[in-house]
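A.B. asks: Using the numbering used here, you'd call the opening residue of the sequence shown number 49 and step up by one each time. C-beta atoms are modelled at their ideal positions from N, C-alpha and C, and glycine is treated no differently.
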Amino acid sequence: MKKLIIISVFMAVVMAFAAVELCYDSKNYRNVVDELTRLCKCIEQNEQDVSVAAVREKYDAARSSWDKMSGFSMSITNHNIIRSVSEKFVYLGAYIEANVYSDALSTAKVLIKATSDLEREKYPSLGNIF
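(1) Assess contact between the segment 56-66 and the segment 82-98, defined as three or more Cβ pairs (one per stretch) separated by less than 8 Å. Is contact present?
(2) Along the chain, where does the alpha helix (DSSP H) that runs through Glu169 open and close?
(3) With burial defined as no fewer than 16 other Cβ atoms inside 10 Å of the residue's Cβ, what is the status of Glu105: buried or exposed?
(4) Please confirm whether Tyr77 and Met122 have their CB atoms less than 9 Å apart.
(5) To the nearest angstrom, how far is it from the Cα of Glu83 to the Cα of Ser56?
(6) Is it buried or exposed for Asp165, if we count other Cβ within 10 angstroms and need 16 for buried?
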């Protein structure tokens, strides 16, 4: 009986940590997606010159949000995917600096999709259990 109680408490603690991690990651991924969505709209509004300060500020905010969470996410998510998203942020910054509208916009949209997919993959499903 004592072992059953100890195992039950241990399982409850593990499940609580999993729930906290899920909420934490989901909130952070949503923040990054929101920042990237604002950046995407700003890029679309400044089609003639995407290297303006407003676009740069939104890029810096999105990159900062990503950098804050990517270190922790790398330890609990497939680190190759996290690195890939980080690389896309570097590409996006280069496209903004070079004033390449089409590449900046498409890379921002790819980042939105990639981070949305990362958030979706965090939720338990049969696909990521087996």
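C.D. replies: Let me spell this out:
(1) No: the two stretches stay apart, fewer than three of their Cβ pairs being nearer than 8 Å.
(2) To locate residue 169, count along the sequence shown from 1; it is residue 121. Glu169 -> alpha helix (DSSP H) spans 149-170.
(3) Position 57 of the sequence shown, counting from 1, holds the residue named residue 105. Classification of Glu105: exposed, given that the 10 Å Cβ count is below 16.
(4) Mapped onto the sequence shown, residue 77 falls at position 29. Mapped onto the sequence shown, residue 122 falls at position 74. Contact check for Tyr77 against Met122 fails: the beta carbons are separated by 9 Å or more.
(5) Taking the first residue of the sequence shown as position 1, residue 83 is located at position 35. Taking the first residue of the sequence shown as position 1, residue 56 is located at position 8. Each residue's Cα considered, the two are about 41 Å apart.
(6) Numbered from 1 along the sequence shown, position 117 holds the residue referred to as residue 165. Counting Cβ neighbours within 10 Å, Asp165 comes out exposed, since fewer than 16 surround it.
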